[in-house]
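S.K.: Going by my numbering, the first residue of the sequence shown is number 43, and it counts up by one from there.
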Amino acid sequence: MKLQSFAISAVILVLAGSAFGQKKVLDSSVYDSWKSLQGAKLSNDGAWLSYRIAPQEGDAVGHLKALPSGNDIVVERASLTFSNDSKYAVGLIVPKDEDLKKAKREKKKPEDMPKNSLMIVDLASGEKTEIKEVSSFQVPGEDMGWFIYKPEPPKPAAKSDDKKADEKKSEEKKSEEKKQEDKKDEPKKKSDHKPGDTYVLRNFSSGKEEKLENVASFRFSKDGTVLVYAVSTKDGKGDGIIYYDLKSGKKASVVEGMAKYLKLTIDDDTKRVAFVTDKDDYASKTPVLSLYAYDPKGGKLRQLAKKGTPGLEKDWLVSERGGLSFSDKADRLIFATSPEKPEEKKDDTPEDEKVSVDIWNWQDETLQPQQLLRASAEANRTFDAVAFWDSGKVTQLETEDRPAVTILNKGESDWAIARVDKPYMKAQSWGVNNADYYLIDVRNGSAKKFAEKTEDIIQASPTGRYLQGYDQVKREIYAIDIASGKRVSLSAKIPYPIWDELNDVPDYPSAYGGAGWTKDDKLVLIYDDYDIWAVDPTGKADPICVTDGYGRRSKNHLRYFSVDPEEKFVDLAKPIYLRSLNEDTKAGGIYVDDLKSSPKSLISGNKQYNFVGQAKNGGRVIYTQQDFVEYPDVWACDDLKFQGGVKVTNTNPQQKDYWWGTAELVDFTSNDGIPLKGIIVKPENFDRTKKYPMIAYFYERNSDTLNQYRTPAPSASIINPSVFASNGYVVFIPDIPYKIGYPGESAISAIVPGCQEVIRKGYVDPKRVGIQGQSWGGYQVAYMVTETNMFAAACAGAPVSDMFSAYGGIRWGSGMVRQFQYEKTQSRIGGTPWNSTLRYIENSPVFFADKVETPLLIMHNDKDGAVPWWQSIEYFTALRRLEKPAWMCVYNGEDHNLVQRKNRKDWTIRMQQFFDHFLKGEPMPVWMDKGVPATMKGKTYGFEIPDKKKGS
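Have a look at this one:
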């Protein structure tokens, strides 16, 4: 059935919504009305679309939309998914946002907080069934008509007022505990042994339910025919694992006995089950775990690994942390192990006598801040081992010396690859990421080093026949045949660079990447800047340009995307789908291609297109399209031809009531003679005869985002072009290329001539131009105001001001020292303070603070994990010492970018008030004019505008 009927109704809705009243300006009071579309997905038959419309703050609305009719079933506060047969939808309804806030204000106990409900919708009739107080649910990948949900536990019984009754219960409890202790032939129940929860299995069509008690954990098979679950009872007598065949309705006991049963895993094809348990050692003080496996064919249960199993490291244990998974054919189990921890000696030293000190040693592999952040993860690190189903043999793969190992071919290969960076970790601090690579024989754990002290990025082909690497020094992609060890260059015969030609950091360029491999590793697909090449990993055949050179000829960057979420390889015998971006116009598109012809455009225009999904049973496709004005709503078409697309959602209909903006490209030339592009955003009601204030925002290269929608919302750090255009500003977003050693000068070289080019167009007032940037952009703002006075106002978020102290500063979010940024990456000095001293001085704004004449607003938060916030303190206090106009906002407890919405709202208002004052002549607010003293912190915010005339 076609989608034209829905198109007609959509047009009618748009026309009906049009109003002839005056449009309004966007401001902070309307942000909450802007919503986002989330979780769009089709039913398997493509007849229904599920999605949520969520406000920035408040209650979301779940939608089930029939296609093509457009009939809409609305479920407030729900997120819904479909049954496998496309007849039902199910999802949780969360409590009202206001009810949750009210309960929190009243400090209610967890059991008294508002609870979720479960909603089941019969799509044919529209009938809704609501089940109250449900905490979670799960629908198997292919549900066979069944799903499971977890009711909220009953509230704890009120405490008895009858003291004698309480005493009686206490005596009964003591008596029962004594009986349990006296039972020598039974394991003693551990204090951490807790009963499981109640779950309910429900059939979609019949509504039949089955209650499952004391469920500690569970797993469905992907096809939904088997449910395996662990049982943990209060007294431990009913503990075990149940294998439930939902097709036949029969249950089988996998194992019984008081114990913990953890890490339940089921193979989707064979239905084999694996788990770890302490049942063999439950009675001991610190029981150790064993790995068990169960085969439903024959009902055989066997132990595969425990402490002391040959093949494991000495005194290593099976771990309850880490993963547990089957290989692709379920003939191997990859499980987690860890060293046995020695018993900690009791320390009777009083806490006030213990010394707390971090010892920094120059020989440490990582610095103390990194070690402290990773201490818990390191203490709980696990190491993979493999158990062979048939032989029962076990091989330890990962060790403390090689902690990262991957078995090739989805766990089926006899080989695994290990990357070991431990010998070189120290140098990561200054941006050198060397490693050794090993091939591990999965059968016995023996290791053979095949690459030493290399920065190459090496990974395996899907079947594990080849290793694919990128040699950054030679700028070459290569393949190594694991069996023969033969190395073949994959890129040597590709006539164009396969590396990033715009690389402008002091490190080797990265590769453009690739689309993957074809079946059986016959070909590997490699990108150049524009096109896709199919390369024979044996080196016998010449590369084939899959896209026939169309990308380069048309200046379209073509990149592959999969339309099948379960795709295992790229099938060149079928049509392949490509996303495009035009280099000159930034227009987007979706193409179809095959080896017999050039790519064919299916849909294209001055927009961004994004494939969302196709119905599992084929047919209907959904995608989004967006540009600066158009929100990325969902569009639907009948198939992968992408023809006759119809907009099926309308997320922000209120936008028509507000002034917006338009975005266009501008070409300009840097001071270094480099042709560049930028984005100009103009007010929707643009009048070429007027002179507008302008703000330049920048962060490296942004022209590719020309057709990106910018949602009005409180800002985490930067200006919002849609909002500022609505308020009568022109916004300019220039691309910036960099010259190594001269990052500050590079910014000047691009941004200033870019601004001048826009000013030459005649509609920008050259005396009312401002600049704004965050992080790396914030640094460039801080630098530029020391070099030019062309800007009337500047706003810098989290800027570096002193490259000397920043070089040795810590990124507190990761614990890493910042040296790598200056020597190898974004900060682009390309040397150290002792061999490039002049470069550090020249690029540090604080040394030239006396040259600043531009009013500067800084935001830098006191929990910034990327740029130490004292960088801004240095700059601000220097400007203050020089009597230069400067303001700084420090949001307490916030990171590099603002997270809390209340703080985002606050910063958005301050940033706009700042620019409005200096670029529009609006009166200065109190916080800028008089400040907000610490004694008034949290009591007044200083947004008030004194009763002064405009421009005073």
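Yeah, the Cβ is synthetic: ideal placement off N, Cα and C, and Gly gets one too.
Keep in mind that this is a model prediction, so the values were computed, not measured.
Here's the rule: buried if 16 or more other CB atoms are within 10 angstroms of the residue's CB, otherwise exposed. What is ASP227?
M.R.: Translated into the one-based positions of the sequence shown, residue 227 becomes position 185. With a pLDDT of 49 at ASP227, under the threshold of 50, the predicted position of this residue should be treated as unreliable, and no value is reported.
S.K.: Quick check: what's the CA-CA separation for SER274 versus SER295?
M.R.: Taking the sequence shown and counting its residues from 1, one reaches residue 274 at position 232. Taking the sequence shown and counting its residues from 1, one reaches residue 295 at position 253. Near 14 Å, if we compare the C-alpha coordinates of SER295 and SER274.
S.K.: Just verifying my parser: in three-state terms, what is the DSSP assignment at LYS947?
M.R.: Here residue 947 corresponds to residue number 905 of the sequence shown, with the count starting at 1. DSSP places LYS947 in helix when its eight states are reduced to three.
S.K.: Measure the beta-carbon distance from GLU382 to TRP404 and round it to whole angstroms, keeping in mind my assumption that it falls under 8 Å.
M.R.: Along the sequence shown, read from residue 1 onward, the residue named residue 382 stands at position 340. Along the sequence shown, read from residue 1 onward, the residue named residue 404 stands at position 362. About 32 Å separates the two Cβ atoms, so there is no contact after all.
S.K.: Which runs of the beta strand (DSSP E) fall wholly inside the stretch 897 to 981 and span at least 3 residues, in chain order?
M.R.: The stretch 897 to 981 contains these whole beta strand (DSSP E) runs: 898 to 901, 928 to 931.
S.K.: Among residues of its own chain, excluding the 5 on either side of LYS809, which ones have a beta-carbon nearer than 7 Å to its beta-carbon?
M.R.: Here residue 809 corresponds to residue number 767 of the sequence shown, with the count starting at 1. If we look at LYS809 and ignore the five residues flanking it on each side, its Cβ neighbours are ALA834.
S.K.: So which of SER788, LYS387, ALA446 has the shortest CA-CA distance to GLU884?
M.R.: For the purposes of this step, residue 884 is taken as residue 842 along the sequence shown, with counting starting at 1. That would be SER788, whose Cα lies nearest to the Cα of GLU884.
S.K.: Just the Cα atoms here: how many angstroms apart are THR307 and ALA429?
M.R.: Within the sequence shown, numbered from 1, the residue matching residue 307 stands at position 265. Within the sequence shown, numbered from 1, the residue matching residue 429 stands at position 387. One C-alpha to the other measures close to 14 Å.
S.K.: Just confirm the distance between the C-beta atoms of ARG662 and GLY88, as a whole number of angstroms; I'd bet it's less than 8 Å.
M.R.: On the sequence shown, residue 662 is found 620 positions in, with the first residue counted as 1. On the sequence shown, residue 88 is found 46 positions in, with the first residue counted as 1. That belief holds up - the Cβ atoms of ARG662 and GLY88 are roughly 3 Å apart, short of 8 Å.
S.K.: Taking the alpha helix (DSSP H) that SER167 belongs to, which residues open and close that run?
M.R.: Taking the first residue of the sequence shown as position 1, residue 167 is located at position 125. Unbroken run through SER167: none, as it is neither H nor E.
S.K.: Could you pull the start and end residues of the alpha helix (DSSP H) that VAL800 belongs to?
M.R.: To locate residue 800, count along the sequence shown from 1; it is residue 758. Here the alpha helix (DSSP H) through VAL800 covers 785 to 802.
S.K.: From ALA615 to VAL605, what distance separates their C-alpha atoms?
M.R.: The residue you call residue 615 lines up with position 573 of the sequence shown. The residue you call residue 605 lines up with position 563 of the sequence shown. If I take the Cα positions, the gap works out to 15 Å.
S.K.: Which runs of the alpha helix (DSSP H) fall wholly inside the stretch 233 to 315 and span at least 4 residues, in chain order?
M.R.: Segments of the alpha helix (DSSP H) lying fully in the stretch 233 to 315: there are none.
S.K.: State the beta-bridge partners of LEU439 as determined by DSSP.
M.R.: Working through the sequence shown from its first residue, we reach residue 439 at position 397. Note: LEU439 sits in no beta bridge, so no partner.
S.K.: In terms of residue numbering, what span does the beta strand (DSSP E) encompassing GLY104 cover?
M.R.: Your numbering for residue 104 matches position 62 in the sequence shown. Where GLY104 is concerned, the enclosing beta strand (DSSP E) stretches over 103 to 108.
S.K.: For LEU600, tell me which candidate among TRP575, PRO585, LEU269, ALA583 has the shortest Cα-Cα distance.
M.R.: Your numbering for residue 600 matches position 558 in the sequence shown. Among TRP575, PRO585, LEU269, ALA583, the Cα nearest to that of LEU600 belongs to TRP575.
S.K.: What is the DSSP secondary structure of ILE722, reduced to helix, strand or coil?
M.R.: As a first step, residue 722 must be located in the sequence shown, where it is residue number 680. DSSP places ILE722 in strand when its eight states are reduced to three.
S.K.: Where do the N-terminal and C-terminal ends of the alpha helix (DSSP H) with ARG461 fall, by residue?
M.R.: For the purposes of this step, residue 461 is identified with residue 419 of the sequence shown, where counting begins at 1. Per DSSP, ARG461 belongs to no alpha helix (DSSP H); it is in the beta strand (DSSP E), 457 to 462.
S.K.: Assuming contact is defined by CB atoms lying nearer than 7 Å, are LYS77 and LEU91 in contact in what I supplied?
M.R.: Here the question's residue 77 lines up with position 35 in the sequence shown. Here the question's residue 91 lines up with position 49 in the sequence shown. Cβ distance not < 7 Å, so LYS77 and LEU91 don't count as in contact.
S.K.: For a test of your reading of the model: does the CB of ILE721 fall under 6 Å from any non-hydrogen atom of the ligand COA? Yes or no.
M.R.: With respect to small molecules bound, the structure shown includes none, and the ligand COA cannot be examined in it.
S.K.: Between the alpha carbons of TRP86 and VAL566, how many angstroms are there, rounded?
M.R.: Start at 1 with the first residue of the sequence shown, and residue 86 comes out as number 44. Start at 1 with the first residue of the sequence shown, and residue 566 comes out as number 524. It should be pointed out that residue 86 corresponds to Asn in this sequence rather than to Trp. About 32 Å.
S.K.: Given this structure, state the Cα-to-Cα distance separating GLY187 from ARG261, to the nearest angstrom.
M.R.: Position 145 of the sequence shown, counted from the first residue, corresponds to residue 187. Position 219 of the sequence shown, counted from the first residue, corresponds to residue 261. Cα to Cα, the separation comes out at about 16 Å.
S.K.: Closer than 8 Å is the cut-off here; do at least three beta carbon pairs connect the stretch 945 to 961 with the stretch 894 to 912?
M.R.: Short answer: they touch.
S.K.: What residues in its chain sit with their C-beta under 8 Å from that of LEU544, if we drop five residues either side in the sequence?
M.R.: Along the sequence shown, read from residue 1 onward, the residue named residue 544 stands at position 502. Around LEU544: ARG743, PRO779.
S.K.: How many Å lie between PHE985 and PHE956 at the Cα?
M.R.: Mapped onto the sequence shown, residue 985 falls at position 943. Mapped onto the sequence shown, residue 956 falls at position 914. Roughly 11 Å separates the two Cα atoms.
S.K.: Answer yes or no: do LEU331 and ASP320 have a C-beta to C-beta separation smaller than 7 Å?
M.R.: Working through the sequence shown from its first residue, we reach residue 331 at position 289. Working through the sequence shown from its first residue, we reach residue 320 at position 278. Cβ distance < 7 Å, so LEU331 and ASP320 count as in contact.
S.K.: Name, in chain order, the residues that DSSP records as bridge partners for TRP188.
M.R.: Translated into the one-based positions of the sequence shown, residue 188 becomes position 146. Partner(s): ASN245.
S.K.: Could you give the distance in angstroms between the alpha-carbon of ASP675 and the alpha-carbon of LYS658?
M.R.: As a working note, residue 675 is residue 633 in the sequence shown. As a working note, residue 658 is residue 616 in the sequence shown. Those two C-alpha atoms are separated by around 21 Å.
S.K.: Determine the extent of the beta strand (DSSP E) in which ARG374 is found, giving its start and end residues.
M.R.: Residue 374 sits at position 332 when you count from the first residue of the sequence shown. Residues 374 to 381.
S.K.: Roughly how many angstroms separate the alpha carbons of TRP702 and PHE728, rounded to a whole number?
M.R.: Numbered from its first residue, the sequence shown carries residue 702 at position 660. Numbered from its first residue, the sequence shown carries residue 728 at position 686. So the two alpha carbons sit approximately 10 Å from each other.
S.K.: Which of helix, strand or coil does DSSP assign to ASP323?
M.R.: On the sequence shown, residue 323 is found 281 positions in, with the first residue counted as 1. Here ASP323 sits in helix by DSSP.
S.K.: Would you be able to state if there are at least three C-beta pairs under 8 Å between the stretch 419 to 428 and the stretch 862 to 878?
M.R.: No, because fewer than three Cβ pairs between the stretch 862 to 878 and the stretch 419 to 428 fall closer than 8 Å, the two stretches do not touch.
S.K.: Between the alpha carbons of ILE162 and LYS192, how many angstroms are there, rounded?
M.R.: Here residue 162 refers to the residue found at position 120 when the sequence shown is read from its first residue. Here residue 192 refers to the residue found at position 150 when the sequence shown is read from its first residue. Computed Cα separation, rounded: 14 Å.
S.K.: My output table needs one value for PRO754: the three-state DSSP class, helix, strand or coil.
M.R.: The residue you call residue 754 lines up with position 712 of the sequence shown. Of the three classes helix, strand and coil, the one that applies to PRO754 here is coil, per DSSP.
S.K.: For the stretch 836 to 879, which segments carrying the alpha helix (DSSP H) assignment without a break, of at least 4 residues, lie completely within its bounds, in sequence order?
M.R.: The stretch 836 to 879 contains these whole alpha helix (DSSP H) runs: 845 to 849, 861 to 865.
S.K.: Could you check what DSSP says for SER995 in three-state terms: helix, strand or coil?
M.R.: A query on residue 995 cannot be resolved here, the shown segment of the chain reaching from 43 to 994 and no further.
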